[in-house]
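Here is the structure we will look at.
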Amino acid sequence: MLKLTVGAAIVQDALTQGVGGMVLPGFPMSAAVTGLVVAAAVGALAGSVPATIAVRSKVIEAIRF
4 MLKLTVGAAI
14 VQDALTQGVG
24 GMVLPGFPMS
34 AAVTGLVVAA
44 AVGALAGSVP
54 ATIAVRSKVI
64 EAIRF
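The opening position of the sequence shown corresponds to residue 4 in this note's numbering, with each subsequent residue numbered one higher.
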């Protein structure tokens, strides 16, 4: 857990202060986390719907199409 906290602090510093001498604009971490969560949820939903339909179909019918 400590490594994760230290890693998050390093990432936050890199996003707000810059990397390798480059000055980056400040970016709210909450927006980044929210975007990642929403993207993961949409991806999971988009993948689970076709997978559920495929599981319910019979193999022979699936081969025909």
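A virtual CB, placed ideally from N, CA and C, is assigned to each residue, including glycine. Remember, predicted model here, so these are calculated numbers, not experimental data.
> In terms of residues, what are the limits of the alpha helix (DSSP H) holding Leu-29?
Replying inline: In the sequence as presented, Leu is not what sits at residue 29; that position holds Gly. Unbroken run through Gly-29: none, as it is neither H nor E.
>> Give me the residue from Ala-57, Gly-46, Pro-53 and Ala-11 with the minimum Cα distance to Ala-35.
In response: Ala-11
>> Please report the straight-line C-alpha distance between Val-52 and Gly-46, rounded to a whole angstrom.
In response: 10 Å
> Does DSSP classify Ser-51 as helix, strand or coil?
Replying inline: helix
> Taking C-alpha atoms, which residue in Val-62, Lys-61, Ala-42 and Asp-16 lies nearest to Met-32?
Replying inline: Asp-16
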